[in-house]
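Trainee: The numbering used here numbers the first residue of the sequence shown as 863 and each following residue consecutively. Glycine included, C-beta positions come from ideal geometry on N, C-alpha and C. Before I ask anything, let me first share the structure, which is written out below as structure tokens.
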Amino acid sequence: MRYLKTYKIFESVDDAYKIFETSHEEMMEVHFGVNVIKECDSIIADIKDMVLELSDIGLFTMVGYTPMTLTWVDKTPKIMVEVQGELGLCESNEDDINSTFERIKDYVRSKGYPTGFGYWEREAPNSFAVIDNQSIGRKRYKVYQMLIQK
């Protein structure tokens, strides 16, 4: 053991923790590139403005990076747009929802991003509709999703 030398890797404990101080945004910028993330952030902000009218009528809206993008697994950043609400509310506002997604498609295509779009119905767990103390079934929701890829 007398031949082994000790090396000082960090000057202090604070230097060792600087590795962990890098923010999530900085890591995404390193992985995908600063310009790409700035462009995607701008697109996310614009899409949030586009779906604002759907939020105003009572629909749940979410716009942001996919989990695979946030964990740097994807090679290119992907953005997810999701709108959902009770089936009746969605059906009565179907034209507004479809026109909003068409505007989003046109916008992201003009930026050079391909998109995928789909929708489906789901039942909410633990949310049975009850009339006269009898369960008549679960509440049904409609979900609309769009995936946008750089």
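Taking the straight line between their C-alpha atoms, what separation do you get for Phe962 and Ala907?
Mentor: As a first step, residue 962 must be located in the sequence shown, where it is residue number 100. As a first step, residue 907 must be located in the sequence shown, where it is residue number 45. Rather than Phe, the amino acid found at residue 962 in this sequence is Thr. Taking the straight line from one Cα to the other gives about 15 Å.
Trainee: Under 8 Å between the Cβ atoms of Arg984 and Val1005?
Mentor: Counting from 1 along the sequence shown, the entry for residue 984 is found at position 122. Counting from 1 along the sequence shown, the entry for residue 1005 is found at position 143. Yes, the pair counts as a contact, with Cβ atoms nearer than the cut-off.
Trainee: With DSSP collapsed to three states, give me the class of Thr923.
Mentor: Counting from 1 along the sequence shown, the entry for residue 923 is found at position 61. Strand at Thr923.
Trainee: Helix, strand or coil, according to DSSP, for Gly950 in the structure here?
Mentor: Stepping through the sequence shown from its first residue, residue 950 is reached at position 88. The answer is helix: DSSP assigns Gly950 an H, G or I state.
Trainee: Does the structure place the segment 915 to 935 close enough to the segment 970 to 982 that three or more beta carbon pairs sit under 8 Å?
Mentor: no
Trainee: DSSP state of Tyr975, grouped into three classes?
Mentor: As a first step, residue 975 must be located in the sequence shown, where it is residue number 113. Three-state result, Tyr975: coil.
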